[in-house]
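Worksheet: one structure, shown below.
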Amino acid sequence: MAFPLILLAFVVLCSSGYSQRSPSPGYYPSSRVPTSPFDRDFRTLWGSPHQRTEQDVITLLLDKSSGSGFKSLRSYKSGYFGASIKLQSGYTAGVDTSLYLSNNQEHPGDHDEVDIEFLGTTPGKPYSLQTNVFVRGSGDRNVIGREMKFNLWFDPTQDFHHYAILWNSNQIVFYVDDVPIRTYDRKNEAIFPTRPMWLYGSIWDASDWATENGRIKADYRYQPFIAKYTNFKLAGCTAEGSSSCTPPSASPMGNRGLSQQQMGAMAWAQRNFLVYNYCHDPKRDHTQTPEC
């Protein structure tokens, strides 16, 4: 009986989509940035009653009355921004859990934004990790998203995993456990964020679009929905800092791009787990996204 049981366990693991182990990127930027205490570097932005702190873990809650969010105290011109996050299992359709850079409060309708968003799901289906870049609404207040969505090679509800954005003068890199999953290069200033941004985190009801393009909504019979954050990382050049400031490096190559080993790890992630790329969407007007 032992062999059939082992085979069944293997089939279940494979069918869950969590059967692969990521290749080593060879460079681990999260280990080069010290942890930032939440109470020193952030403040609650909204939904204070829906936010709680237990030791070094910040829990955000969403119920029918409200979600919750936080914001860094300082704005940055560049840097490394990350947190370890654990998501809720079960029914989470319509729920958006996020970690992102933005200056929306300072430039409403004409803002820059760099997103990591976890799009809720139904039992048996994986979360989608959506990365996105907004740039000045492309200069005409018409906000153009540059979405790339991924599934993950692990179950993000079982443990904390580290998610991060590195933003410097040449490129933006999105990381999952130090594996780069996407880069967004600076090809010209019109399509690259250059104004200072703050780091935010939030949980909120995005039923209109988050799960299967809004077909499945948040169901508050399953409330509260929760997201746990810890191990915050903020290191970079603040808006008021010296012009000679140098942000952390994305790779051992410095600002010259990712190493060959990192590029290989990113190719693996995109080959196996990329499920949507705006550049390959025939319904999009690609005259608005010249980088494609």
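Numbers -19 to -1, 1 to 273, taken from mature numbering (1 follows the signal peptide of the UniProt record, and there is no 0), label the letters of the sequence shown in order.
Here a beta-carbon is modelled for each residue, glycine too, at the ideal position from N, C-alpha and C.
All values reported here derive from a predicted model rather than from experimental measurement.
Under 8 Å: do the stretch 211 to 226 and the stretch 55 to 68 share three or more Cβ pairs, one atom per stretch?
yes
Where do the ends of the alpha helix (DSSP H) carrying residue 48 lie?
Unbroken run through residue 48: none, as it is neither H nor E.
Using CA atoms only, rank isn't needed, just tell me which of 41, 78, 90 is closest to residue 101.
The option with the nearest alpha carbon to residue 101 is 78.
Our contact map puts residue 117 next to residue 93 with C-beta atoms below 8 Å; I'd like the distance itself, whole angstroms only.
6 Å
Using DSSP with H/G/I as helix, E/B as strand and the rest coil, what is residue 193?
helix
Which value, in whole angstroms, describes the spacing of the CA atoms of residue 190 and residue 199?
11 Å
Just the Cα atoms here: how many angstroms apart are residue 27 and residue 247?
35 Å
Residue closest to residue 105, alpha-carbon to alpha-carbon, out of 136, 143, 50, 228
136
Residue 212 - containing beta strand (DSSP E), residue span
Its beta strand (DSSP E) spans residues 206 to 219.
For residue 96, which of 182, 209, 236 has the nearest alpha-carbon?
182
Please confirm whether residue 1 and residue 148 have their CB atoms less than 9 Å apart.
no
Pairwise C-alpha distance: residue 251 and residue 46:
38 Å
Near residue 72, what residues of its chain come up, given a Cβ to Cβ distance below 7 Å and the 5 sequence neighbours on each side ignored?
Answer for residue 72: 103, 104, 200, 203, listed in chain order.
Where are the beta strand (DSSP E) runs, 3 residues long or more, that stay fully inside the stretch 156 to 195, in chain order?
160 to 166, 179 to 186, all fully within the stretch 156 to 195.
Go through its chain and collect everything with a Cβ distance to residue 255's Cβ below 7 Å, but skip five positions before and after it.
129, 131
Using only alpha-carbon positions, find the residue among 206, 64, 272 that is nearest to residue 23.
64
The beta strand (DSSP E) with residue 248 in it runs from where to where?
That residue, residue 248, is in no beta strand (DSSP E); its alpha helix (DSSP H) goes 241 to 254.
Quick check on residue 165: buried or exposed, where buried means 16 or more other Cβ atoms within 10 Å of its Cβ?
It is buried - the Cβ of residue 165 has at least 16 other Cβ atoms within 10 Å.
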